[in-house]
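Residue numbers (our numbering), protein chains in the order written: chain A, 29 to 247; chain B, 29 to 247.
Everything below concerns the one structure shown next.
2 protein chains.
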Amino acid sequence: MALYLEDFAAGQPFLSGSATVKPEAVARFATEFDPQPFHLDADAAKESLFRGLAASGWHTAAMTMRLLVECEMKPAGGIIGAGFEELRWPKPVRPGDTLRLTSEVLEVRRLSSRPTQGIIKVRTVTLNQHDEPVQIMVGNHTIAFDHAVAVRILSGGGPKTIKRRTASTPSLSMILQIELRQSETPDSEQATLPKAASSPITLCDLPGVQNSPPLATQI
Amino acid sequence: MALYLEDFAAGQPFLSGSATVKPEAVARFATEFDPQPFHLDADAAKESLFRGLAASGWHTAAMTMRLLVECEMKPAGGIIGAGFEELRWPKPVRPGDTLRLTSEVLEVRRLSSRPTQGIIKVRTVTLNQHDEPVQIMVGNHTIAFDHAVAVRILSGGGPKTIKRRTASTPSLSMILQIELRQSETPDSEQATLPKAASSPITLCDLPGVQNSPPLATQI
Numbered sequence: 029m030a031l032y033l034e035d036f037a038a039g040q041p042f043l044s045g046s047a048t049v050k051p052e053a054v055a056r057f058a059t060e061f062d063p064q065p066f067h068l069d070a071d072a073a074k075e076s077l078f079r080g081l082a083a084s085g086w087h088t089a090a091m092t093m094r095l096l097v098e099c100e101m102k103p104a105g106g107i108i109g110a111g112f113e114e115l116r117w118p119k120p121v122r123p124g125d126t127l128r129l130t131s132e133v134l135e136v137r138r139l140s141s142r143p144t145q146g147i148i149k150v151r152t153v154t155l156n157q158h159d160e161p162v163q164i165m166v167g168n169h170t171i172a173f174d175h176a177v178a179v180r181i182l183s184g185g186g187p188k189t190i191k192r193r194t195a196s197t198p199s200l201s202m203i204l205q206i207e208l209r210q211s212e213t214p215d216s217e218q219a220t221l222p223k224a225a226s227s228p229i230t231l232c233d234l235p236g237v238q239n240s241p242p243l244a245t246q247i
Numbered sequence: 029m030a031l032y033l034e035d036f037a038a039g040q041p042f043l044s045g046s047a048t049v050k051p052e053a054v055a056r057f058a059t060e061f062d063p064q065p066f067h068l069d070a071d072a073a074k075e076s077l078f079r080g081l082a083a084s085g086w087h088t089a090a091m092t093m094r095l096l097v098e099c100e101m102k103p104a105g106g107i108i109g110a111g112f113e114e115l116r117w118p119k120p121v122r123p124g125d126t127l128r129l130t131s132e133v134l135e136v137r138r139l140s141s142r143p144t145q146g147i148i149k150v151r152t153v154t155l156n157q158h159d160e161p162v163q164i165m166v167g168n169h170t171i172a173f174d175h176a177v178a179v180r181i182l183s184g185g186g187p188k189t190i191k192r193r194t195a196s197t198p199s200l201s202m203i204l205q206i207e208l209r210q211s212e213t214p215d216s217e218q219a220t221l222p223k224a225a226s227s228p229i230t231l232c233d234l235p236g237v238q239n240s241p242p243l244a245t246q247i
């Protein structure tokens, strides 16, 4: 079920499924994006501070994104990154590890500059099979209001909570186009909502996540 | 040439080579890690706020890592991430774009708790072929002192700058093992440096980068 801004609240938890880190995937990712010895060479990795092969942190981030896209937190229009405040890898991810996520909404706020959107701050912790955090992220995500609420706001009404959009409301893409036109010509008349509804807009991307033992402990 | 902590200074710039973003790579990465319509379906992407196909932000981060690993900033022991304070994608990366990096050292500091290591804070901006920032990161990286300097510190001497290690100095892995033993048994005698030198240690991973136009401008 697609979620809108009014569906989120601080303290809300979200869980994900799990995924096992295949050894060949660790090598493939590292070969393409992060060709450093501790990701690729078992002997060199033993000599490193990782004390064994470890997945690239960016591989962990990418696997986290996949788990996020498939988890129960499904903002309408996709997962939209508006910037990360924190991203850390407190422990190495080993080939064969099984990862899962716990996310928590830290903050929900409206954007006064963008009446159809808000921001949720989310902490997402990626855990291994021993429940040890291997990645911690805190990110802000842009979230749309429910279409009907957005229409109400753009029509001059308040952001009353109206659950779920109906077939008769314009699509979010249209609402955003109107909003863009309004911001481009701030002195123009209130834009008229179009009558035909096109497919819902899909927005940006990106996960969110937070805090815990400092990475320094691994070094 | 491998760089040690004493080789870094605030304000120091580093450049990278460039890499072109292959359309099939955008689709492949998104299929595996970020299967959202604006990364995979040209028609859906046109309807999205990206207004066309865009690479996953994590793909951009991974490509940035590859450029960093190959750039002139080569810390001895690898690129070690000690945490990111900022990670943003101000503009979408399009299939066919050509990316390059500009990095700048923002801060260099010693770690009083770890006499053989220090931290450099680095801002890395990923630019497209129009010189527009597509990713901004600010990260802290753990950097080793030159081996000879580390030996001097562990022997009770000050961190005088001694460029490049010599064959007769112990490897960093040995020094770190000694340091670990010392911190595990803080009241023990000064550890004796081993005589045989093993291969240099390779440490953690990760790039660093910084600030500019807010991501919100793309939404």
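Just so you know, even glycine gets a beta-carbon here, dropped at the ideal spot from N, CA and C.
Three or more Cβ pairs closer than 8 Å define a contact, and the region 48 to 66 of chain B falls short of that threshold against the region 99 to 106 of chain B.
Rounded to the nearest whole angstrom, the CA to CA distance from B:Pro118 to A:Gly109 is 10 Å. Under the Cβ criterion of 9 Å, A:Val136 is not counted among the residues facing chain B. Of the candidates B:Phe42, B:Thr126, B:Gly80, the residue whose Cα lies closest to the Cα of B:Asp159 is B:Thr126. Taking the beta carbon of B:Pro63 as reference, the chain A residues within 8 Å of it are Arg94, Val97, listed in sequence order. Taking every protein chain shown into account, the CB of B:Glu75 has 16 or more other CB atoms within 10 angstroms, so this residue is buried. B:Thr92 is classed as buried because its beta carbon has at least 16 other beta carbons within 10 Å across all chains shown. The C-beta distance from A:Phe42 to A:Ser131 rounds to 4 Å, short enough to meet the 8 Å contact threshold.
Taking the Cβ atoms as the reference, A:Thr144 lies roughly 5 Å from A:Phe173, within the contact range of under 8 Å. Residue-level contact by beta carbon fails for A:Ile148 and chain B, as no gap is shorter than 9 Å.
Contacts with chain A at 9 Å (Cβ-Cβ) include B:Met91. Contact between the region 35 to 53 of chain A and the region 80 to 95 of chain A is present: three or more C-beta pairs spanning the two stretches fall below 8 Å.
B:Lys149 sits in a strand when the DSSP states are folded into three classes. A straight-line Cα-Cα distance of about 32 Å links B:Glu98 and B:Asp69. Per DSSP, the unbroken alpha helix (DSSP H) holding A:Phe57 starts and ends at 51 to 61. Under DSSP, A:Met165 forms a beta bridge with A:Leu115, A:Thr152. For B:Leu68, no pairing in a beta bridge is given by DSSP. Annotation: A:Arg116 to B:Asp71 spans about 35 Å, alpha carbon to alpha carbon.
Closer than 9 Å to the CB of A:Phe36 there is not a single CB belonging to chain B.
Per DSSP, the beta bridge partners of B:Thr170 are B:Ile147. Here the alpha carbon of B:Ser44 sits roughly 44 Å from the alpha carbon of A:Glu34. Secondary structure at A:Gly109: strand, using DSSP grouped into helix, strand and coil. If you check each beta-carbon in the region 116 to 129 of chain A against every beta-carbon of chain B, the ones closer than 7 Å belong to Arg116, Trp117.
Boundaries of the beta strand (DSSP E) around B:Glu132: 126 to 139. In the structure shown, B:Ala47 falls within a strand segment according to DSSP collapsed to helix, strand and coil. The three-state secondary structure of B:Leu33, taken from DSSP, is helix.
If you check the CB distance, B:Leu95 and B:Ser46 come in under 9 Å. Within the region 42 to 69 of chain A, Phe57, Glu60, Phe61, Asp62, Pro63, Gln64, Pro65, Phe66, His67 place their CB atoms closer than 8 Å to a CB of chain B, listed in sequence order. Per DSSP, A:Arg122 lies in no alpha helix (DSSP H) and is assigned neither H nor E. Taking 9 Å as the CB threshold, B:Ser84 lines the interface with chain A. Under DSSP, A:Arg142 shares a beta bridge with A:Leu139. The beta carbon of B:Ile148 sits closer than 6 Å to the beta carbons of Phe36, Val133, Val136, His169, Ile171 from its chain, once the five residues preceding and following it are set aside; these are given in chain order. At a C-beta separation below 8 Å, A:Glu114 has these neighbours in chain B: Gly111, Phe112, Glu113. Proximity of A:Gly80 to chain B, defined by a Cβ-Cβ separation below 9 Å, is not satisfied. Closest by C-alpha distance to A:Gly167, out of B:Pro120, B:Pro161, B:Leu77, B:Glu113, is B:Glu113. Looking from the CA of A:Gln163, the closest CA among A:Leu81, A:Gly111, A:Gly39, A:Pro120 belongs to A:Pro120.
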